[in-house]
Amino acid sequence: MAVVAIYDSGVGGLSIYQNVVARCPEHDYLFVSDNQQFPYGSKPEAELLARVQAVVTRLDQHHCIDVLIMACNTASTIVLPTLRETFDFQVIGVVPAIKPAAELSTTKRIGLLATPATVARPYTDRLIAEFALDCHVVKVGSSELVLLAEHKLFGRELDESIIGTILKPIIADPAIDVLVLACTHFPMLKVEIGTQPKKHGRQPRLLDSGEAIANRLVSLSQSLGLEPSKSATRVALMTDNNVELGFVTQLERMGFSELQHLTI
Ligand code: DGL
């Protein structure tokens, strides 16, 4: 039996969960949400690194994990080396899909939609320098969009005109043919994000990391010889168990039968 933990500040981990569970339904899954410290996108680096270490240490003390998916670009872009040095389990990091975007783009103009922290990270600049040097990258950082994704999952009404305002720099560039959703929250708003450029006659392809992460888990499961679980348990662990009812319903719909409090 293998346990896969998927960790994000909030609901973004569920977009990754949907991709990986479709390909690897045989594992047990822990969805870990540090909703008490949400959002991560506005935290100073040192504070975020310490927090992620504390959460993963706690997780490691209470659960026997085979694979941890760090389902947060904002965190992965700083914490991956530390996690891999500290813990014995395998760590898969979700990072901006710059490389496939540059390969897909024919106009060599791509959009990068992420948290303000991710767009400012040297890690992101290094990805661009290594894989997209022939591309012009228009970066947009937004915490508001992260919040809108949370609200959608909680079942609240969304004001979609805000999304149009956030996407203005992308919409303003007619040559952008690929838009990277470099925050795991944003695939939750794929329809709403896609609608806004369409209104202006633009249809950039939206690209997130979900499929690549699912592929990585498939190959890791094979190389590690991970055994299928008999129970296929799905547990949600939240650092603040004061959770909206609409969100509990969503978790149940996605197969999570248990919600536990993770005390840090
Ligand atoms: N889902 C996270 C990411 O991929 C960020 C959300 C937050 O700001 O907490 O970057």
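Quick note on this note's numbering: the sequence shown kicks off at 990 and runs consecutively.
Ideal Cβ positions, reconstructed from N, Cα and C, are used throughout, including at glycine.
In this text, all values refer to a predicted model and were calculated from it rather than measured experimentally.
For ligand 1, I want to know if residue 1001 counts as a neighbour, meaning its beta carbon is within less than 7 Å of at least one of the ligand's heavy atoms. As a first step, residue 1001 must be located in the sequence shown, where it is residue number 12. Indeed, a heavy atom of ligand 1 lies less than 7 Å from the Cβ.
Would you kindly work out how many angstroms separate the C-alpha atoms of residue 1151 and residue 1212, rounded to a whole number? Position 162 of the sequence shown, counted from the first residue, corresponds to residue 1151. Position 223 of the sequence shown, counted from the first residue, corresponds to residue 1212. Going from the Cα of residue 1151 to the Cα of residue 1212 covers about 45 Å.
For the beta strand (DSSP E) holding residue 1034, just list the boundary residues, first then last. Your numbering for residue 1034 matches position 45 in the sequence shown. In the DSSP assignment, residue 1034 falls outside any beta strand (DSSP E) and within the unbroken alpha helix (DSSP H) covering 1034-1051.
Any heavy atom of ligand 1 within a distance shorter than 7 Å of the CB on residue 1027? Sequence index remark: in the sequence shown, residue 1027 carries index 38 (1-based). At least one heavy atom of ligand 1 is nearer than 7 Å to the Cβ of residue 1027, so yes.
Going by other Cβ atoms of all chains shown within 10 Å of its Cβ, with 16 needed for buried, is residue 1161 buried or exposed? Position 172 of the sequence shown holds residue 1161. Counting Cβ neighbours within 10 Å, residue 1161 comes out exposed, since fewer than 16 surround it.
With three or more beta-carbon pairs closer than 8 Å as the criterion, would you say the region 1138-1154 touches the region 1102-1118? no
Whole angstroms is fine: what's the gap from residue 1026's alpha carbon to residue 1040's? As a working note, residue 1026 is residue 37 in the sequence shown. As a working note, residue 1040 is residue 51 in the sequence shown. Computed Cα separation, rounded: 9 Å.
Going by DSSP in three states, residue 1103 sits in which element: helix, strand or coil? Here the question's residue 1103 lines up with position 114 in the sequence shown. Three-state DSSP puts residue 1103 in a strand.
Those runs of the alpha helix (DSSP H) which lie wholly inside the region 1178-1220 and span at least 4 residues: 1179-1187 and 1199-1213
Name the two residues that bound the continuous beta strand (DSSP E) containing residue 1074. The residue given as residue 1074 occupies position 85 in the sequence shown. Counting along the chain, residue 1074 falls outside any beta strand (DSSP E), though it belongs to the alpha helix (DSSP H) covering 1062-1075.
Mind checking who residue 1082 pairs with in its DSSP beta bridge? Stepping through the sequence shown from its first residue, residue 1082 is reached at position 93. Beta-bridge pairing links residue 1082 to 1059.
Beta-carbon separation of residue 1106 and residue 1169 under 8 Å? Looking up residue 1106 in the sequence shown gives position 117. Looking up residue 1169 in the sequence shown gives position 180. Contact flag unset, no.
From what residue to what residue does the beta strand (DSSP E) around residue 1247 run? Here residue 1247 refers to the residue found at position 258 of the sequence shown. Run containing residue 1247: 1247-1250, per the beta strand (DSSP E) assignment.
In whole angstroms, what separates the C-alpha of residue 1049 from that of residue 1068? Translated into positions along the sequence shown, residue 1049 becomes position 60. Translated into positions along the sequence shown, residue 1068 becomes position 79. Approximately 16 Å, taken between the alpha carbons.
Could you tell me whether the Cβ atoms of residue 1196 and residue 1182 are closer together than 8 Å? Taking the sequence shown and counting its residues from 1, the one referred to as residue 1196 is at position 207. Taking the sequence shown and counting its residues from 1, the one referred to as residue 1182 is at position 193. Against a cut-off of 8 Å, the Cβ pair of residue 1182 and residue 1196 comes out as no contact.
Since I believe residue 1020 is in contact with residue 1245 (beta carbons under 8 Å), could you give me their beta-carbon distance rounded to a whole number of angstroms? In the sequence shown, residue 1245 corresponds to position 256, counting from 1. In the sequence shown, residue 1020 corresponds to position 31, counting from 1. Confirmed, Cβ separation roughly 6 Å.
Residue 1081 versus 1001, 1070 and 1087, residue with shortest Cα-Cα distance: Residue mapping note: residue 1081 aligns to position 92 of the sequence shown, counting from 1. When each option's Cα is compared against that of residue 1081, the closest is 1070.
Contact under 8 Å by Cβ, residue 1022 with residue 997: Residue numbering aside, residue 1022 sits at position 33 when the sequence shown is read from its first letter. Residue numbering aside, residue 997 sits at position 8 when the sequence shown is read from its first letter. For residue 1022 and residue 997, yes; Cβs fall inside 8 Å.
Nearest-angstrom Cα distance between residue 1184 and residue 1216? For this step, residue 1184 is matched to residue 195 along the sequence shown. For this step, residue 1216 is matched to residue 227 along the sequence shown. Distance between the alpha carbons of residue 1184 and residue 1216 is about 42 Å.
At the level of alpha carbons, what is the spacing between residue 1099 and residue 1186? Residue numbering aside, residue 1099 sits at position 110 when the sequence shown is read from its first letter. Residue numbering aside, residue 1186 sits at position 197 when the sequence shown is read from its first letter. Distance between the alpha carbons of residue 1099 and residue 1186 is about 14 Å.
Hey, would you say residue 1165 sits closer than 8 Å to residue 1127, going by beta carbons? Position 176 of the sequence shown holds residue 1165. Position 138 of the sequence shown holds residue 1127. Closer than 8 Å, so yes.
Residue range of the unbroken beta strand (DSSP E) whose run includes residue 1242: On the sequence shown, residue 1242 is found 253 positions in, with the first residue counted as 1. Residue 1242 -> not in any beta strand (DSSP E); alpha helix (DSSP H) instead, spanning 1234-1242.
Quick one: using the 10 Å Cβ neighbour count with 16 as the cut-off for buried, is residue 1204 buried or exposed? Reading the sequence shown from its first residue, position 215 is the one you call residue 1204. Looking at its Cβ environment, which holds fewer than 16 other Cβ atoms inside 10 Å, residue 1204 is exposed.
Residue 995 - partner residues in DSSP beta bridges: The sequence position of residue 995 within the sequence shown is 6, counting from 1. The partner list for residue 995 (beta bridge, DSSP) reads 1020 and 1058.
Residue-chain proximity (residue 1230, chain D), Cβ-Cβ < 8 Å: Reference to chain D is not applicable here, since this structure consists of a single protein chain.
Which one of 1239, 1016 and 1243 has the shortest CA to CA distance from residue 1219? Taking the sequence shown and counting its residues from 1, one reaches residue 1219 at position 230. Selected option, being the one with the closest Cα: 1016.
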